[in-house]
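One structure below.
2 protein chains.
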Amino acid sequence: MSLHAGEDGSRFAGEARRGVTVWFTGLSSAGKTTLGRAVEAQLRARGCRVEILDGDEIRQRLCRGLGFSKEDRDENIRRIGYVAEVLTRHEVIVLVAAISPYAAVRREVRERIGAFVEVYVNAPVQICEQRDVKGLYKKARAGEIQGFTGIDDPYEPPTAPEIECRTDRETVEESASKIVRCLEEGLWLAGAR
Amino acid sequence: MSLHAGEDGSRFAGEARRGVTVWFTGLSSAGKTTLGRAVEAQLRARGCRVEILDGDEIRQRLCRGLGFSKEDRDENIRRIGYVAEVLTRHEVIVLVAAISPYAAVRREVRERIGAFVEVYVNAPVQICEQRDVKGLYKKARAGEIQGFTGIDDPYEPPTAPEIECRTDRETVEESASKIVRCLEEGLWLAGAR
């Protein structure tokens, strides 16, 4: 676990409240949404202003018509990034849960947003496939879904995420607490109301 | 000019800060963006938290690939509505400037957002065509653009907007002040920081 947020964040120190985007990337069934919800609960308990942007919901609300080609996936991430950017500017802690398999577009949204903490939600694909929360791995193996990340579509792991959570080895609470601690140490929670 | 915001808004009274979406609808060149910017300036001068969502920018950021069919226009409005909804929930005053020609989808986003003030930015199409800020009427008349609102595509005027601004008869400052006054009277600005 590395902590970069303090360095990036120093220019914000002393402000009453700050926004930040916490970006959960990882395979389907790695635990992004579960972890996002757990972090949300901890932050709300502290009185923080929080919004979860879930990849699946965003596909409904902003991305109807987009598919799963690299181009469409990148466009999907840019749109989530846009909403996260605006909310972050208005001092919301934004939790994004989206596979976001491509490193380049993750870097692009990071640069646009500025206040950005990347969480690599990491579990081996075998474990994710066992969990198969939405039954999608099964469909991918049966050939009913093509271009499924981790099966027949690439996932580019983050090379320098602020936080890595091994969800096959840590409990949800352990991972969530690690993230909240990182936000504290990076001073993102300095002014929580 | 009618003021409904006070009635709808009463359940929020007493809160420190509230969000609201102010939705500017009207023909191209009616003055939506100009008026939005003027209102933004007045609100910022009071220390309010404001975001402008401009139809043209949103088309770039969230709606690449959408055209100008009724279906695509409605989808465009729903996406703007989604972003406005999230920001309003986080106590931002959201100013939306978008032609939004169809009444049904305007009603749909109003119902979703709840805290909603509709501003009918009204100038006769002849005046808008004379202004032709972006040169689009000229292109529409020349047949270079099809389905242009007010020329060969419908515009359904609001039947009960909270505010109507006749931008051919009022100055920008008059219209903007009217809107800010409406927000005050509706208690949307009660807790401006």
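Chains as they are written, first to last, in the numbering used here: chain A, 158 to 350; chain B, 158 to 350. Ideal Cβ placement from N, Cα and C applies to all residues, glycine included. This structure is a prediction, so every number in the text was calculated from the model and none was measured.
Cβ pair A/T324, A/S334 closer than 8 Å: Here residue 324 of chain A refers to the residue found at position 167 of the first sequence. Here residue 334 of chain A refers to the residue found at position 177 of the first sequence. For A/T324 and A/S334, no; Cβs fall outside 8 Å.
contact_flag[the segment 300 to 312 of chain A, the segment 175 to 189 of chain A] where n(CB pairs < 8 Å) is 3 or more: Cβ pair count under 8 Å is three or more, so yes.
Neighbourhood of B/K295 by C-beta distance below 7 Å, restricted to the same chain and skipping five residues each side: Taking the first residue of the second sequence as 1, we reach residue 295 of chain B at position 138. Cβ neighbours of B/K295 beyond the five flanking positions: D289.
Minimum C-alpha distance to A/Y277 - residue among A/P258, A/R269, A/G271: Numbered from its first residue, the first sequence carries residue 277 of chain A at position 120. For A/Y277, the nearest C-alpha among the options comes from A/P258.
Beta-carbon proximity of A/G176 to A/I250, cut-off 8 Å: Here residue 176 of chain A refers to the residue found at position 19 when the first sequence is read from its first residue. Here residue 250 of chain A refers to the residue found at position 93 when the first sequence is read from its first residue. In contact: A/G176 and A/I250 (Cβ atoms closer than 8 Å).
Beta-carbon contacts of B/G234 that lie in its chain and below 6 Å, excluding the five residues immediately before and after: Start at 1 with the first residue of the second sequence, and residue 234 of chain B comes out as number 77. With the sequence shown as reference, residue 234 of chain B is identified as Ile, and Gly is not the correct amino acid for it. So the list reads S257, V262, once near-sequence residues are dropped.
Other residues of its chain near A/P315: CB distance less than 6 Å, five sequence neighbours each side excluded: Taking the first sequence and counting its residues from 1, the one referred to as residue 315 of chain A is at position 158. Once the five neighbours on either side are set aside, the close Cβ partners of A/P315 are E275, Y277.
For A/F169, the three-state DSSP class (helix, strand or coil): As a position in the first sequence, residue 169 of chain A is number 12, starting the count at 1. Since pLDDT at A/F169 reaches only 39, below the 50 mark, its modelled position is unreliable, and the value read off the structure follows with that caveat. Three-state DSSP puts A/F169 in a helix.
C-beta neighbour in chain B for A/R218, strict 8 Å: Reading the first sequence from its first residue, position 61 is the one you call residue 218 of chain A. For A/R218, the nearest CB of chain B lies under 8 Å from its own CB, placing it at the interface with that chain.
Minimum length 4: unbroken alpha helix (DSSP H) runs contained in the segment 228 to 282 of chain A: For secondary structure counted as the alpha helix (DSSP H) over 4 or more consecutive residues, the segment 228 to 282 of chain A holds these complete runs in sequence order: 260 to 270.
Contacts that A/L244 makes with chain B (C-beta to C-beta distance below 8 Å): The residue given as residue 244 of chain A occupies position 87 in the first sequence. Correct list: V243, L244, H247.
Under the three-state DSSP convention, the category A/C285 falls into: Counting from one through the first sequence, the residue named residue 285 of chain A turns up at place 128. Helix.
Short-range partners of chain B found in the segment 223 to 239 of chain A, where Cβ spacing is below 7 Å: Per Cβ criterion, the list reads E232, R236, Y239.
Against chain B: residues of the segment 188 to 214 of chain A by CB proximity under 9 Å: Across the segment 188 to 214 of chain A, CB contacts with chain B closer than 9 Å involve R206, E208, L210, in sequence order along the chain.
Nearest candidate by alpha-carbon position, reference A/I302, set A/R201, A/F273, A/F225: Residue mapping note: residue 302 of chain A aligns to position 145 of the first sequence, counting from 1. Ranked by how close their Cα comes to the Cα of A/I302, the residues A/R201, A/F273, A/F225 have A/F225 in first place.
DSSP bridge partner residues for A/L210 (one or two, in chain order): The sequence position of residue 210 of chain A within the first sequence is 53, counting from 1. A/L210 pairs with A/V253.
Beta-carbon gap between A/L219 and B/Y239 smaller than 8 Å: Walking along the first sequence from the start, residue 219 of chain A turns up at place 62. Walking along the second sequence from the start, residue 239 of chain B turns up at place 82. In contact: A/L219 and B/Y239 (Cβ atoms closer than 8 Å).
Segment limits, alpha helix (DSSP H) that includes A/C339: Along the first sequence, read from residue 1 onward, the residue named residue 339 of chain A stands at position 182. For A/C339, the enclosing alpha helix (DSSP H) has its first and last residue at 329 to 342.
Cβ of B/A349 within 8 Å of any chain A Cβ: Position 192 of the second sequence holds residue 349 of chain B. The pLDDT assigned to B/A349 is 47, lower than 50, so where the model puts this residue is not dependable, and the model offers no usable value.
Sheet register partners of B/F181 (DSSP bridge): Along the second sequence, read from residue 1 onward, the residue named residue 181 of chain B stands at position 24. Per DSSP, B/A254, B/V276.
Spatial distance of A/E197 from A/E208 (CA atoms): Here residue 197 of chain A is taken as the residue at index 40 of the first sequence, counted from 1. Here residue 208 of chain A is taken as the residue at index 51 of the first sequence, counted from 1. If you take the alpha carbons of A/E197 and A/E208, they lie about 8 Å apart.
C-beta contact flag for B/L192 and B/V329 at 8 Å: Numbered from its first residue, the second sequence carries residue 192 of chain B at position 35. Numbered from its first residue, the second sequence carries residue 329 of chain B at position 172. Contact: yes.
Residues bridged to B/D310 (per DSSP): Locating residue 310 of chain B in the second sequence gives position 153, where the first residue counts as 1. Answer by DSSP bridge pairing, in chain order: B/T306.
As assigned by DSSP and simplified to three states, the class of A/E319: Within the first sequence, the letter at position 162 stands for residue 319 of chain A. Coil, per DSSP.
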